[in-house]
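These protein sequences, in sequence, are chains C and H.
If you count by my numbering, then the first sequence holds residues 337 to 527, one letter each, in order.
If you count by my numbering, then the second sequence holds residues 337 to 527, one letter each, in order.
We put the CB at the ideal spot given by N, CA and C, even for glycine.
These numbers were taken from a predicted model, which means no experiment stands behind them.
Only one structure is covered here, and it is reproduced in the block below.
Protein chains: 2
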Amino acid sequence: MTERKRQILQSAQAILKKKGYAATSVRDIAKSLEIEPASLYSHFSSKEDILKLTCFDMASKFDEAIQEINTLYFDAEQQLRMAIREHVQILTSHLDSAIIFLRDWRNLTGESHLKFVEKRNSYENGIRKIIQTGIDEGRFNESDIKFATLTVLSSVNWIVEWYNPNGKLNATQIAEKLSNFILSGLIKNKL
Amino acid sequence: MTERKRQILQSAQAILKKKGYAATSVRDIAKSLEIEPASLYSHFSSKEDILKLTCFDMASKFDEAIQEINTLYFDAEQQLRMAIREHVQILTSHLDSAIIFLRDWRNLTGESHLKFVEKRNSYENGIRKIIQTGIDEGRFNESDIKFATLTVLSSVNWIVEWYNPNGKLNATQIAEKLSNFILSGLIKNKL
DNA sequence: ATTTGCCTAACGAACGTTAGTTTGTAGTCT
DNA sequence: AGACTACAAACTAACGTTCGTTAGGCAAAT
Numbered sequence: 337m338t339e340r341k342r343q344i345l346q347s348a349q350a351i352l353k354k355k356g357y358a359a360t361s362v363r364d365i366a367k368s369l370e371i372e373p374a375s376l377y378s379h380f381s382s383k384e385d386i387l388k389l390t391c392f393d394m395a396s397k398f399d400e401a402i403q404e405i406n407t408l409y410f411d412a413e414q415q416l417r418m419a420i421r422e423h424v425q426i427l428t429s430h431l432d433s434a435i436i437f438l439r440d441w442r443n444l445t446g447e448s449h450l451k452f453v454e455k456r457n458s459y460e461n462g463i464r465k466i467i468q469t470g471i472d473e474g475r476f477n478e479s480d481i482k483f484a485t486l487t488v489l490s491s492v493n494w495i496v497e498w499y500n501p502n503g504k505l506n507a508t509q510i511a512e513k514l515s516n517f518i519l520s521g522l523i524k525n526k527l
Numbered sequence: 337m338t339e340r341k342r343q344i345l346q347s348a349q350a351i352l353k354k355k356g357y358a359a360t361s362v363r364d365i366a367k368s369l370e371i372e373p374a375s376l377y378s379h380f381s382s383k384e385d386i387l388k389l390t391c392f393d394m395a396s397k398f399d400e401a402i403q404e405i406n407t408l409y410f411d412a413e414q415q416l417r418m419a420i421r422e423h424v425q426i427l428t429s430h431l432d433s434a435i436i437f438l439r440d441w442r443n444l445t446g447e448s449h450l451k452f453v454e455k456r457n458s459y460e461n462g463i464r465k466i467i468q469t470g471i472d473e474g475r476f477n478e479s480d481i482k483f484a485t486l487t488v489l490s491s492v493n494w495i496v497e498w499y500n501p502n503g504k505l506n507a508t509q510i511a512e513k514l515s516n517f518i519l520s521g522l523i524k525n526k527l
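Pasting the structure below:
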């Protein structure tokens, strides 16, 4: 990927984030770069190509993170805390891409769509495995495992909706708060 | 609203749910009803009109629910459980509308957009008030109140992504599981 | 007699994309 | 040093399609 292509991709992602994939036209993207719409096709084969690159780039980042964590011999709580920290780190350091990745992947068509869902499920399985370990260890409440996994992921992913890079909380702090919330809930522990 | 209009609205929502607002054309909607695209304009003034009706219908359902709960004199835990139960009930009994409401409201323009955000914030405030009460009562962990509110709402809203009307869990059961998760977290309480 | 619900036909605008060309720049050979 | 080649990145112009929407009319129900 050339420097210019990366530059264009970044500009495109800023607009896609703001307007959503389906509502963004190739002309919108070109305008923000002050080039002609046709010029984009010197770098990308189609509009969907931009979406594809964005979604799969993010997917592999998450993939790498979870696979590394799953090889480490920590207990479930530690593993979950690490997974959440990595997840938040990836989301917040690529905020535009992250929003597109989470929201617009449904617009992928054909094989791309299938492969994406596959990747997503594989990541979900990584998280599920950690929670399952926690239950097996007797440290986590027994609960519907699919339910727990989705609830964890939803609260983690939602941060892209309100995260402010200039806010008072950095990624690590958010991850810790979130981990505490997920692990301990709202109610005070009886000590 | 005539019977026919309600019927058309329902058909439209089924497609909007599947494809997303921006990616759905007026012709798509007409086709599913086996009428001509132009015929839709006997019932709706514009494509956005359909989105507007859907979003604001759902918004008032949530609004009514939270306002009623806020007038009741239960403690925070009971109130939060009730709010979650009502929320899940509304989502699952209007699944198509719910998905559009949660995902596509960004496509509202002008005044509609503004009013919608206002309504949404007002609902968020209702939930926030309950959590704040729990903290004041000394029953909930002290935590970033905005953070807690958003985390609660995100995990509740995410159920539309996986809820299956024919699955083994009904709305009430989901609400209870979710309440337990949010209130107690993953880690077992030390008794 | 009026209204309701749909039709046909068409509008102008915007859509993603293609073909073919121009421009600038960097490297290579005489 | 100057000429030649190669390539990247942009351009102009246009393509066929689809978009949301409107105008005007027609048949059945009220």
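Spatial neighbours of residue i in its chain, beta-carbon cut-off 6 Å, leaving aside the 5 residues before and after
i	result
residue 352/H	360 and 436
residue 458/C	none
residue 493/C	438
residue 379/H	341 and 344
residue 416/H	466
residue 488/C	518
residue 479/H	none
residue 386/C	348 and 380
Host alpha helix (DSSP H) of residue i (start-end)
i	result
residue 408/H	Careful: residue 408/H lies outside any alpha helix (DSSP H) and carries neither H nor E.
residue 344/C	339-355
residue 439/H	431-439
residue 495/C	Element bounds for residue 495/C: n/a, residue is neither H nor E.
residue 565/C	Since the displayed chain C opens at 337 and closes at 527, residue 565/C lies outside it and no answer follows.
Same chain only: Cβ atoms within 8 Å of residue i, ignoring 5 sequence neighbours per side
i	result
residue 481/C	464, 467, 468 and 471
residue 347/H	365, 368 and 369
residue 445/H	384
residue 526/C	With a pLDDT of 48 at residue 526/C, under the threshold of 50, the predicted position of this residue should be treated as unreliable, though the coordinate-derived value follows. Taken in chain order, the list of residues that qualify is empty.
residue 408/H	415 and 418
residue 450/C	none
residue 395/C	437, 452, 455, 456 and 459
residue 485/H	460, 463, 464 and 467
residue 475/H	411, 412 and 413
Opposing strand residues paired with residue i [DSSP bridges]
i	result
residue 523/H	476/C
Contacts around residue i, its chain only, beta-carbon distance under 7 Å, and the 5 residues preceding and following it disregarded
i	result
residue 421/H	508 and 511
residue 473/C	411 and 412
residue 427/H	434, 495 and 496
residue 301/C	Because chain C in this structure spans residues 337 to 527, residue 301/C falls outside the shown range and cannot be described.
residue 432/C	349, 350 and 353
residue 406/H	462 and 465
Residue i CB to nearest heavy atom of the ligand ADP below 8 Å
i	result
residue 460/C	Although the ligand ADP was asked about, the structure shown includes no ligands whatsoever.
With three or more C-beta pairs closer than 8 Å as the rule, is the stretch 387-403 of chain C touching the stretch 459-475 of chain C?
yes
Can we say the stretch 369-376 of chain H touches the stretch 423-433 of chain H, given the rule of at least three CB pairs closer than 8 Å?
no
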